[in-house]
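Undergrad:
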Amino acid sequence: MLSDLCGGLVVSVEIFVFTLLLALPLGFAVAFGRMSRVKVVSALFRLFISVVRGTPLMLQIIFVYFSPYIFFGMPLAKYPRIVATVLAFGLNYAAYFGEIYRGGILSIDAGQWEAAKALGLSPLRTFMRIILPQTVKRVIPAIGNEVITLVKDTSLAFTIAVTEMFTIAKQLSSANTTMTPLVAAGVFYYLFNYAVAWTMERLERRFSYYR
């Protein structure tokens, strides 16, 4: 049982890691698009965020998985389920991260932009050297909450038959008519979340200068 659950845990960790690698940088694109002065661009990103936050993640996973077949006739066998899962998770969390980033950027006093401009710094240099470090410091707690939620959301991959840890636990529980695999999976999730929370807390302390 433990061997099977560990195999599922590896898949869950893969979904978690690749989702973060996709969603964290993509969130900045969403934030900048949402703040764009071009009304059409801003409206499109606002619609994207609204759709993502207003529909279940489970539905988004199904939509992403079947879209290549529906729109392009691509055989589902050529579209790995885990790729669809990571893409759906990445888009979903990018929307949430984007709003968190946007809030962090807008919380920076406008005077800092003006001061940097007076010193002759370009907008890009101002953002990278002055605004971004402060934004990262301010959004870490909110990002941490979303990352912890992501750990638990990996169980939704069962929607398109990705055999992550929760799916395997359910299968073992049904086959052996016992709750032990589900309890063990719960312990694994807790330890996984504990490690993530500990890491985010350490990161928050790392950026807690000037307090």
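Just so it is clear: in the sequence shown, position 105 is 98 by the numbering used here, and no numbers are missing. Heads up, the beta-carbon is just placed ideally off N, CA and C, and yes, glycines get one too.
#1: Go to Val45, then tell me how far its alpha helix (DSSP H) extends in each direction, as first and last residue.
#2: What would DSSP say about Tyr62, mapped onto helix, strand or coil?
#3: If Thr160 sits next to Gly1, beta carbons under 8 Å apart, how far is it from one beta carbon to the other, in whole angstroms?
#4: With Phe82 as the anchor, note down where its alpha helix (DSSP H) starts and where it stops.
#5: Report back the beta-carbon spacing between Gly97 and Arg131 to the nearest angstrom; my notes put them in contact at under 8 Å.
#6: Which residues in the same chain have their Cβ closer than 7 Å to the Cβ of Phe185, if we skip the five residues on either side of it in sequence?
#7: Just to confirm before moving on: does the CB-CB distance between Glu197 and Pro126 stay below 8 Å?
#8: Does the Cβ of Thr173 have 16 or more other Cβ atoms within 10 Å, making it buried, or fewer, making it exposed?
#9: Rounded to a whole number of angstroms, what is the C-alpha to C-alpha distance between Pro68 and Val79?
#10: Quick one: give me the first and last residue of the alpha helix (DSSP H) that Thr128 is part of.
#11: Rounded to the nearest angstrom, what separates Tyr183 and Phe59 at their Cα positions?
#12: For Leu50 versus Ala162, is the C-beta distance shorter than 8 Å?
#13: Is the CB-CB distance between Thr142 and Val4 below 8 Å?
#14: Count the CB pairs spanning the region 85 to 92 and the region 186 to 195 that are closer than 8 Å, and state whether there are at least three.
#15: Which whole-angstrom value describes the C-beta separation of Ile16 and Tyr94, a residue pair presumed to lie in contact below a C-beta threshold of 8 Å?
#16: Under 8 Å between the Cβ atoms of Met(-6) and Leu165?
TA: On the basis of the coordinates in this document:
#1: Element bounds for Val45: 32 to 47.
#2: Residue state, collapsed to three classes: helix.
#3: Indeed, because the Cβ distance is near 7 Å, the residues count as touching under 8 Å.
#4: For Phe82, the uninterrupted alpha helix (DSSP H) segment begins and ends at 74 to 99.
#5: About 5 Å separates the beta carbon of Gly97 from that of Arg131, a gap short enough to meet the 8 Å contact definition.
#6: Excluding residues within five positions, the ones whose Cβ falls inside 7 Å are Val144.
#7: Contact: no.
#8: Result: exposed.
#9: Cα to Cα, Pro68 sits roughly 19 Å from Val79.
#10: Taken as a continuous stretch (DSSP letters only), the alpha helix (DSSP H) holding Thr128 covers 125 to 146.
#11: Computed Cα separation, rounded: 32 Å.
#12: With a cutoff of 8 Å on beta-carbon distance, Leu50 and Ala162 are scored as not near each other.
#13: It is not a contact, given that the beta carbons lie outside the stated cut-off.
#14: With a cut-off of 8 Å, the region 186 to 195 and the region 85 to 92 do not count as touching, because too few Cβ pairs lie within range.
#15: Rather than Ile, the amino acid found at residue 16 in this sequence is Ala. About 11 Å separates the beta carbons of Ala16 and Tyr94, which is beyond the 8 Å limit, so they are not a contact pair.
#16: Taking 8 Å as the Cβ cut-off, Met(-6) and Leu165 qualify as a contacting pair.
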